[in-house]
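Data first, discussion second: the structure below is written as structure tokens.
If you want it as structure tokens, here you go:
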């Protein structure tokens with residue numbers, strides 16, 4: 002019974018730790034903060050994890066494995082270029098909705114964590130993310146779904162920054178769901194904000 006209950010308790014502790022890291026920042030969060038939030042003694046936390054670094058490592062690795070698995074599936078799909086780009090935007094907003102703390106940790110603390118050898122993979126993930134979006138943009142241009150005069154790097158940075166910064170204001174369960182927000186972003190990104198009829 003103990004072995005069966007361990008995974009669920011471990012997951013709960015990781016959930017609490019992610020919330021603490023997202024709210025206070027990794028550097029400002031202590032093991033005691035996490036233990037207090039979990040209602041246990043600090044020493045009890047060490048039965049599950051040897052450090053807060055191990056906790057944030059597992060949080061980020063698990064989240065990114067899931068996210069990039071979805072991106073890989075989009076790239077490998079037979080969908081047309083526009084549909085792939087739309088799917089990638091929607092997957093990103095789904096991640097913000099379902100994993101807001103993990104996204105916030107990566108946005109706020111990746112640079113600091115990346116200065117340690119243990120978290121060298123974060124730079125690899127950044128490069129992988131860039132390649133995902135650049136590939137989608139280049140496919141869109143080649144297929145005629147996107148304008149041919151786009152600067153690919155600038156377009157990538159625009160999409161990256163406008164999508165992921167949403168973690169700072171989007172609240173799950175708010176007035177607009179993540180699918181509604183993603184739909185608006187897709188329209189703005191791919192169709193613009195001007196009224197083509199009135200400006201024709």
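In the working numbering, the protein residues as written are 2 to 201.
C-beta: ideal position from N, C-alpha, C; glycine also.
Check: With residue 106 and residue 57 assumed to form a contact (beta carbons below 8 Å), what rounded beta-carbon distance in angstroms separates them?; Outcome: 7 Å
Check: So for residue 172, helix, strand or coil by DSSP?; Outcome: coil
Check: With 16 other CB atoms within 10 Å as the buried threshold, where does residue 186 fall?; Outcome: buried
Check: Alpha carbon to alpha carbon, how far is residue 99 from residue 181? Give it in angstroms, no decimals.; Outcome: 15 Å
Check: At 4 residues or longer, what runs of the alpha helix (DSSP H) sit wholly inside the stretch 49-93?; Outcome: 53-77
Check: With three or more C-beta pairs closer than 8 Å as the rule, is the stretch 78-90 touching the stretch 123-137?; Outcome: yes
Check: Might you give, ordered along the chain, the residues of its own chain that have their beta carbon closer than 7 Å to the beta carbon of residue 188, omitting 5 neighbours on each side?; Outcome: none
Check: So, helix, strand or coil for residue 149, using DSSP?; Outcome: coil
Check: Does the contact criterion of 3 or more C-beta pairs under 8 Å hold for the stretch 51-69 versus the stretch 119-129?; Outcome: yes
Check: Given a cut-off of 7 Å, decide if residue 60 and residue 103 are closer than it, judged by their beta-carbon atoms.; Outcome: yes
Check: Can you round the beta-carbon distance between residue 143 and residue 81 to whole angstroms, since I take them to be within the 8 Å contact cut?; Outcome: Rounded, the Cβ-Cβ distance is 11 Å, inconsistent with contact.
Check: Classify residue 156 as buried or exposed, calling it buried when 16 or more other Cβ atoms lie within 10 Å of its own Cβ.; Outcome: buried
Check: If the criterion is Cβ atoms closer than 7 Å, does the pair residue 168 and residue 97 meet it?; Outcome: yes
Check: Which class does residue 161 belong to by DSSP, given the choice of helix, strand or coil?; Outcome: helix
Check: Should residue 31 be labelled buried (16 or more other beta-carbon atoms within 10 Å of its own) or exposed?; Outcome: exposed
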